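These notes concern the structure reproduced below.
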Amino acid sequence: MNDRAALTASARIVAAADGSLPVLESAGPLALRRTRATGPYGPYTRVTVVGAMSAPLGGDRLRLDAEVRDGARLLVDSAAATVALPGRTGTPASYEIGLTVGAGAELRWLPEQLVCATGSVLRMRTTVDLDPTARLVLREEQILGRHREEPGTLAARLTVRRAGRPLLDQELGCGPGAPAGWDGPAVLAGHRAAGQLLVVYPEFADKPVGTRLLGEHAVLAPLAGPAALVTAVAPDALALRRVLDEALRALAPF
Numbered sequence: 063m064n065d066r067a068a069l070t071a072s073a074r075i076v077a078a079a080d081g082s083l084p085v086l087e088s089a090g091p092l093a094l095r096r097t098r099a100t101g102p103y104g105p106y107t108r109v110t111v112v113g114a115m116s117a118p119l120g121g122d123r124l125r126l127d128a129e130v131r132d133g134a135r136l137l138v139d140s141a142a143a144t145v146a147l148p149g150r151t152g153t154p155a156s157y158e159i160g161l162t163v164g165a166g167a168e169l170r171w172l173p174e175q176l177v178c179a180t181g182s183v184l185r186m187r188t189t190v191d192l193d194p195t196a197r198l199v200l201r202e203e204q205i206l207g208r209h210r211e212e213p214g215t216l217a218a219r220l221t222v223r224r225a226g227r228p229l230l231d232q233e234l235g236c237g238p239g240a241p242a243g244w245d246g247p248a249v250l251a252g253h254r255a256a257g258q259l260l261v262v263y264p265e266f267a268d269k270p271v272g273t274r275l276l277g278e279h280a281v282l283a284p285l286a287g288p289a290a291l292v293t294a295v296a297p298d299a300l301a302l303r304r305v306l307d308e309a310l311r312a313l314a315p316f
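For the sequence shown, my numbering gives the first residue as 63, with consecutive numbering after it.
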C-alpha cells in the first residue's frame with residue numbers, strides 16, 4: 063500500500079488547427095508532454111500523459127480535460143499503464159476526463175490500460191461532447207488486478223454526446239465492491255480484461271457499420287450517431303489489445 067497523502071490535481075490540453083497547443087497544463091501525477099508525431103501520427107498534434115507519481119491512489123481526486131478546437135487534429139496517448147492503488151483509509155479515488163471536439167476536428171484518445179490493483183477503489187468518469195462534424199476514436203481498457211492478483215473495485219462510466227444529444231452512456235462495475243453478477247456469464251464471465259473502442263465518423267451516416275463478431279469474445283455494433291462500438295473481454299491485457307488493434311485498423315486506420 064502506498065502511504066502518501068491523498069491529493070487533488072487537474073491537467074488541461076487545448077489543441078488548435080495550426081498544430082499549436084495554446085494550453086498544456088500539468089499538475090501532480092498528470093504530467094503532459096508534447097511528443098513527436100512521426101510516421102502514421104504525422105497529421106496529428108500528439109500529447110503523451112506521463113505519470114509523475116503513483117496515481118490514482120485511494121482518496122485522490124484527478125481530472126484531465128482536452129479541448130480540440132475547430133479543425134484541429136489531436137492524438138493523446140500515455141507512456142505507461144495507469145495503476146489504481148489502495149490508500150491509507152480505503153477512501154475511493156476519482157478520475158474524471160472531459161473531452162470536447164469542435165467542428166471538423168478529430169480526437170484520437172488512445173491511452174494505455176487502466177489496472178485496478180487489489181484493495182483499490184476507483185470511480186472513473188469520461189464525458190465527451192462532439193460537434194456534429196467532429197471525428198472521434200476512443201479506446202478504453204480495464205485490467206482487473208495485476209498478474210495473479212485479485213482485482214480492485216472499479217466503477218467506470220462513459221458518456222458521449224453529439225450535437226448535444228446522447229450517443230452513448232454506459233457503465234461497468236467490477237471487483238469486490240461492485241454489484242453481484244459482475245463476473246457472471248452475462249458480464250465478464252471470469253475474464254480479467256475488458257475494453258471498448260468507439261469510433262464516431264460522420265461518413266458512417268451514409269455507410270453504416272454492420273454488426274459482427276470479432277472472435278469469440280468481442281462484438282462490433284453500429285450506434286445511431288453515426289458511430290461504431292467494439293466491446294471485448296479477454297483473459298489478459300495482451301489478448302485484449304490484439305482484438306482492439308485489429309478493430310482500429312479496420313474502422314479507423316491512420
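For every residue, glycine included, the Cβ atom is placed at its ideal position computed from N, Cα and C.
These numbers come from a predicted model, not from an experiment.
For ASP307, report the span of its alpha helix (DSSP H) as first-last. 299-313
GLY235 lies in the beta strand (DSSP E); which residues open and close that run? 227-236
Nearest-angstrom Cα distance between ASP307 and PRO154? 31 Å
For the beta strand (DSSP E) that TRP171 lies in, which residues bound it at each end? 168-172
Boundaries (first-last residue) of the beta strand (DSSP E) holding SER156: 155-163
Can you give me the Cβ contacts of THR110 inside the same chain, cut-off strictly under 6 Å, excluding the 5 residues immediately before and after it? ARG95, THR97, ASP139, ALA141
Hey, how far is the Cα of SER82 from the Cα of THR107? 8 Å
Just to confirm before moving on: does the CB-CB distance between LEU313 and LEU282 stay below 9 Å? yes
If THR221 sits next to PRO238, beta carbons under 8 Å apart, how far is it from one beta carbon to the other, in whole angstroms? Actually they do not touch by this definition, with Cβ atoms about 25 Å apart.
Tell me where the beta strand (DSSP E) around GLU203 begins and ends. 197-206
Inter-residue spacing [alpha-carbon to alpha-carbon] between GLY207 and VAL177: 6 Å
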